[in-house]
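Engineer:
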Amino acid sequence: KAIREERRTEAKLLRKQKLEEAKALRKQKLEDAKQKKLFKKTQPVTIGELIFGMSSGIIFGLLLIIQPFSIAELMTPSTLPFLDWLKLIGFLIFVTGLFDLIRLVIGVSNYTGQQVFLIIGAIYNLSYIPVFLLLLNQPGIFPISLFSGGNIDFISSNPSEMTYIVYFWVIIVIIIGIIGGMIGKFVKVGRYSKLKAY
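Going by the UniProt record's numbering, the letters in the sequence shown line up with residues 1 to 198, in that order.
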C-alpha cells in the first residue's frame, strides 16, 4: 500500500513537472514569436526610403547632367570646368537613383536581393570619393564668388589660407559622410542576415 501511495505521489509530481515545462515552453514560444514579429517590423529598408532615394537621385542627377540653367555666363574661364564636374557628380547620383529603383522593384521583403544591391551600392559609393578628391586638388575651379556673393573671388591653393582650410575640411566631411553611408549599407546587410536567420 505504501509503495502504491509513493508511486501515485511520484506520478502527481511528474505530471505537475510536465505541466510546468509545457507552460514554460508555451511562454517561450510566444515570446519568440513576439520578438520575431517585432524584429520583422523594423525592416532595415523601407519602401518610402527607396521611393525618396530613387526619385531624388534620378531627378537631381538628371538636372546636374542636363543643366537646364544658364550659369555658364556667370563662370570665369578658370571655373568653367566646374560645370563638367557637376555633370560627372550628376551621373553618379543618377545611377544611385537607378539602384534604388531596382531595389524598389525587387521589394523590401526580398532579403537576398536587397543584400546584393546594398553591397553593390556600398562599393559603388567609392566612386564618389575620387570625384571629390579631384575637386579638392583643383580648388580654383570651384566658383566660390557665386556662393559668397562676390566677397571671395577664388579659393587659393595655399594650404595656410583660411579659404582653403574651410574648403578642405568641407570636402573631407563630405568624404567621411560617403564612407559613413557605405558602412550604413553594410550594417543593413547584417540586419538582413539576422532577418533571414529567423
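Beta carbons are placed, not taken as given, at the ideal position from N, Cα and C, and that holds for glycine.
1. Which residues in the same chain as Gly90 place their Cβ atom closer than 6 Å to its Cβ, once the five residues preceding and following it in sequence are excluded?
2. The alpha helix (DSSP H) spanning Pro130 covers which residue range?
3. Using alpha carbons as the reference points, say which of Gly177, Thr42, Leu74, Pro130 lies closest to Asp153.
4. Mapping DSSP to helix, strand and coil, what is Phe154?
5. Along the chain, where does the alpha helix (DSSP H) containing Ser109 start, and where does it finish?
6. Exposed or buried, what is Met54 when buried is set at 16 or more other beta-carbons lying within 10 Å of its beta-carbon?
7. Just to confirm, is the Cβ distance from residue 210 to Thr79 under 8 Å?
8. Do you know whose CA, among Glu20, Lys12, Ala22, Tyr192, lies nearest Gln114's CA?
9. Could you give the residue range of the alpha helix (DSSP H) that holds Ile66?
10. Which residue from Gly57, Thr163, Pro44, Ile120 puts its Cα closest to that of Ser109?
11. Report the option in Val166, Gly140, Ile178, Phe168 whose CA atom is closest to the CA atom of Thr76.
12. What would DSSP say about Pro81, mapped onto helix, strand or coil?
13. How would you label Val105, buried or exposed, when you count the other beta carbons within 10 angstroms and need 16 or more for buried?
14. Just to confirm before moving on: does the CB-CB distance between Ile171 and Leu135 stay below 8 Å?
15. Let me know if Arg103 comes out buried or exposed under the rule of 16 or more other beta-carbons within 10 Å of its beta-carbon.
Structural biologist: Reading from the atomic positions:
1. Taken in chain order, the residues that qualify are Gly61, Leu64, Ile65.
2. 128 to 137 is the extent of the alpha helix (DSSP H) around Pro130.
3. The alpha carbon of Asp153 has as its nearest neighbour, out of Gly177, Thr42, Leu74, Pro130, the alpha carbon of Leu74.
4. Assignment of Phe154 by DSSP, reduced to helix, strand and coil, places it in the coil class.
5. The continuous stretches of alpha helix (DSSP H) do not include Ser109, and DSSP gives it neither H nor E.
6. So Met54 counts as buried.
7. Since the displayed the chain opens at 1 and closes at 198, residue 210 lies outside it and no answer follows.
8. Looking only at Glu20, Lys12, Ala22, Tyr192, the smallest Cα-Cα distance to Gln114 is reached by Tyr192.
9. For Ile66, the enclosing alpha helix (DSSP H) starts and ends at 47 to 66.
10. Of the candidates Gly57, Thr163, Pro44, Ile120, Pro44 places its Cα closest to the Cα of Ser109.
11. That would be Gly140, whose Cα lies nearest to the Cα of Thr76.
12. Three-state result, Pro81: helix.
13. Burial check for Val105: the Cβ neighbour count within 10 Å stays below 16, so the residue is exposed.
14. Cβ atoms of Ile171 and Leu135: closer than 8 Å.
15. Arg103 comes out buried.
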